[in-house]
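There are 2 protein chains.
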Amino acid sequence: MNHVFISSLAKPLSRWLQAFPDLVHVAPESAIDGADLVWLDAASLKAALPEMMVRLQLIQRRFVVLDAVPDDDAAIKAVQSGACGYAHRHAKPAQLEEIAAVVDAGGLWVGPSVMQKVMQISKFVAREAASVGVDTDLSVLTERELAVAQEVGKGLNNREIAQVLGVTERTVKAHLTVAFEKLAVRDRVQLALLMNGISI
Amino acid sequence: MNHVFISSLAKPLSRWLQAFPDLVHVAPESAIDGADLVWLDAASLKAALPEMMVRLQLIQRRFVVLDAVPDDDAAIKAVQSGACGYAHRHAKPAQLEEIAAVVDAGGLWVGPSVMQKVMQISKFVAREAASVGVDTDLSVLTERELAVAQEVGKGLNNREIAQVLGVTERTVKAHLTVAFEKLAVRDRVQLALLMNGISI
DNA sequence: TCTCTTATTGCCCTTTTGTACAATGTACCT
DNA sequence: AGGTACATTGTACAAAAGGGCAATAAGAGA
């Protein structure tokens with residue numbers, strides 16, 4: 003994993019180096035090509051932070067904000083600006099690695115108190131956001147289960163799916179039974195809707 | 003680390019065992035003394051889950067909720083009830099281990115979809131213009147046929163639709179038969195997609 | 001009044017779906 | 001070599017969906 007730390011410091015904190023010996027440390031104006039994860043040092047970036055976050059969000063780059071003060075409100079603001087994590091800049095190397103692992107797995111890392119506040123905010127929006135269609139985690143499905151599910155999403159019946167995939171109808175049913183359980187839907191109608199990004 | 007899995011299953015899922023070979027698997031009524039981390043299988047615990055969470059929160063025991071449903075509302079609710087994590091019960095062993103590590107480090111673990119919703123809070127308003135949808139000619143349907151079709155579009159089955167509309171299942175079928183013919187679709191799956199603006 | 005449409009439901013039937021309980025074979029990993 | 005996940009298929013069964021035939025009822029209109 004490729005870590006890029008952005009700060010106005012002369013050199014990165016030793017803790018950062020300890021966690022990621024191969025990290026790249028750059029100034030605010032520098033390019034960040036090829037970075038898997040960007041770490042922003044809010045304490046030294048100061049006023050440049052918001053603009054920096056907007057830029058990273060636009061190019062869909064995952065980033066974590068490191069702050070001198072564990073301020074919940076700042077954390078929420080960071081997450082709303084697209085941050086995948088918010089932590090103390092003096093966090094222990096082990097914790098930094100932890101955060102990197104979580105973010106790499108597609109997760110969001112913030113402290114417990116912050117998370118509760120974030121949850122409060124998102125509670126109201128959750129339903130509406132769901133109606134827009136948030137990506138479902140289809141990675142739980144195997145290749146064949148996914149293939150069958152996609153055909154269901156097109157409106158095909160079992161016989162047609164069997165024909166398309168070159169298997170028997172029984173096999174199609176077997177994949178569907180597992181897919182229903184994994185995606186927690188009741189039947190093919192709900193699966194079809196799910197596959198088209200429609201929340202049930 | 004001492005893992006205790008609570009479920010109503012006869013034996014733990016193989017994925018759990020793979021992640022934690024030394025796990026302890028117990029029934030809902032059992033004691034959980036000496037557990038470092040408790041995993042609750044929401045899918046099998048069902049209605050007993052909320053009470054279980056309250057109990058664990060009271061004794062300050064760290065716990066993670068495993069659900070068959072990737073439901074973000076449930077995730078938020080779980081965290082608000084004191085859960086340190088919320089994940090899919092079919093999550094891969096590596097992910098379960100990661101969650102355990104995060105929680106052990108005092109963190110909170112939620113999945114990508116919850117994160118996405120949180121991030122979409124600010125963006126949501128801008129996206130409403132995009133939801134226009136292709137207008138199918140639904141005017142050929144009578145009032146009741148349309149009502150039934152709309153419920154199908156939500157993923158309900160005939161019994162539920164009958165209940166909602168206050169008629170018998172037979173009546174629902176009758177309306178559906180006509181609706182299929184008028185809209186030139188074969189079955190309820192295709193109708194459900196059609197009602198959601200998805201071309202077949 | 002008589003007709004037409006729509007809504008409703010029953011009985012009975014076929015087809016489709018969905019599951020339970022297996023078994024077989026392959027690939028991969030420890 | 002043994003374990004596990006995955007894909008595949010079988011038989012058998014239960015549930016749901018779908019439809020044919022037919023009857024009743026309400027409302028709108030010629």
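Those protein sequences? They're chains A and B, same order as listed.
Residues 3 to 202 (my numbering) are what the first sequence spells out, left to right.
Residues 3 to 202 (my numbering) are what the second sequence spells out, left to right.
By construction, the Cβ of each residue, glycine as well, lies at the ideal position given by its N, Cα and C atoms.
Nearest neighbour of G155(B), chosen from Q192(A), V166(A), L15(A) and R64(A) [CA to CA]:
Residue Q192(A) is the option with its Cα nearest to G155(B).
Would N160(A) and V174(A) be called neighbours here (beta carbons separated by less than 9 Å)?
Yes, Cβ-Cβ distance for N160(A) and V174(A) is below 9 Å.
How long is the line joining the alpha carbons of A103(A) and L51(B), rounded to whole angstroms?
Spanning the two alpha carbons is a distance of roughly 29 Å.
Between which two residues does the alpha helix (DSSP H) holding D35(A) run?
That residue, D35(A), is in no alpha helix (DSSP H); it is neither H nor E in DSSP.
Determine the direct distance from the alpha carbon of F182(B) to that of M197(B), and round the result to whole angstroms.
Roughly 12 Å between the two C-alpha positions.
Quick check on A241(A): buried or exposed, where buried means 16 or more other Cβ atoms within 10 Å of its Cβ?
Outside the shown range of chain A (3 to 202) lies residue 241(A), about which nothing can therefore be said.
If you draw a straight line from the C-alpha of V169(A) to the C-alpha of G157(A), how long is it?
Rounded to the nearest whole angstrom, the C-alpha separation of V169(A) and G157(A) is 18 Å.
From L42(A), L143(A) and I200(A), pick the residue whose C-alpha is nearest to that of R91(A); which is it?
Selected option, being the one with the closest Cα: L42(A).
Interface positions of the segment 147-163 of chain A facing chain B (Cβ-Cβ less than 9 Å), listed along the chain:
Under the 9 Å Cβ criterion, the segment 147-163 of chain A contributes V154, G155, K156, G157, L158 and N159.
Going by Cα to Cα distance, which pick from A77(B), L148(B), P95(B) and F7(B) is closest to S46(B)?
When each option's Cα is compared against that of S46(B), the closest is F7(B).
In chain A, which residues lie with their C-beta within 7 Å of the C-beta of L210(B)?
This structure does not reach residue 210(B), given that chain B is present from 3 up to 202, and the question cannot be answered.
Classify I8(B) as helix, strand or coil using the three-state DSSP reduction.
Strand, per DSSP.
Counted within 10 angstroms of its Cβ, other Cβ atoms place A194(B) as buried (16 or more) or exposed
So A194(B) counts as buried.
Near R17(A), what residues of its chain come up, given a Cβ to Cβ distance below 8 Å and the 5 sequence neighbours on each side ignored?
Only residues of its own chain outside the window of five on either side were considered, and among them H92, A93, K94, P95 and L98 have a CB closer than 8 Å to the CB of R17(A), listed in chain order.
Buried or exposed, going by whether 16 or more other CB atoms sit within 10 Å of the CB of V112(B)?
Its Cβ being crowded by 16 or more others within 10 Å, V112(B) is buried.
Proximal residues of chain A, C-beta to C-beta of I200(B) below 7 Å:
Going along chain A in sequence order, the residues near I200(B) (Cβ under 7 Å) are N198.
Span separating the alpha-carbon of K48(B) from that of Y88(B)
So the two alpha carbons sit approximately 15 Å from each other.
Does D38(B) pass the burial test, meaning 16 or more other C-beta atoms within 10 Å, or should it be called exposed?
D38(B) should be labelled exposed.
What does R190(A) reach in chain B if we use C-beta pairs closer than 8 Å?
By Cβ distance, chain B contributes V191.
According to DSSP, is V26(A) part of a helix, a strand, or is it coil?
If DSSP states are grouped into helix, strand and coil, V26(A) belongs with the strands.
Please state the DSSP three-state secondary structure of A73(A).
Residue 73(A) is actually Asp in this sequence, not Ala. Looking at D73(A) - three-state DSSP - the assignment turns out to be coil, as it is neither helix nor strand.
On the criterion of 16 or more Cβ atoms from any shown chain inside 10 Å, does A128(A) qualify as buried, or is it exposed?
Bear in mind that a pLDDT of 35 at A128(A), under 50, signals an unreliable position, so the model cannot answer this.
Supposed close pair G84(A), M55(A) - CB separation, criterion 8 Å:
The beta-carbon separation of G84(A) and M55(A), rounded to 6 Å, stays under the 8 Å limit for a contact.
Test: H18(B) CB closer than 9 Å to a CB of chain A
Residue 18(B) is actually Trp in this sequence, not His. It does not; no Cβ of chain A falls within 9 Å.
D189(B) (DSSP reduced to helix, strand or coil):
Three-state DSSP puts D189(B) in coil, outside helix and strand.
Range covered by the beta strand (DSSP E) that runs through G155(A):
No beta strand (DSSP E) contains G155(A), which is instead part of the alpha helix (DSSP H) from E145 to G155.
Pull up the distance between the alpha-carbon of A33(B) and that of S10(B), whole angstroms please.
Taking the straight line joining both Cα atoms gives about 14 Å.
Within 9 Å of any Cβ in chain A, is that where the Cβ of A49(B) sits?
The beta-carbon of A49(B) is placed no less than 9 Å from the nearest beta-carbon of chain A.
Taking 7 Å as the limit between beta carbons, can you name the residues of its chain near M3(A), skipping five residues before and five after?
If we look at M3(A) and ignore the five residues flanking it on each side, its Cβ neighbours are D38, L39, A102 and D106.
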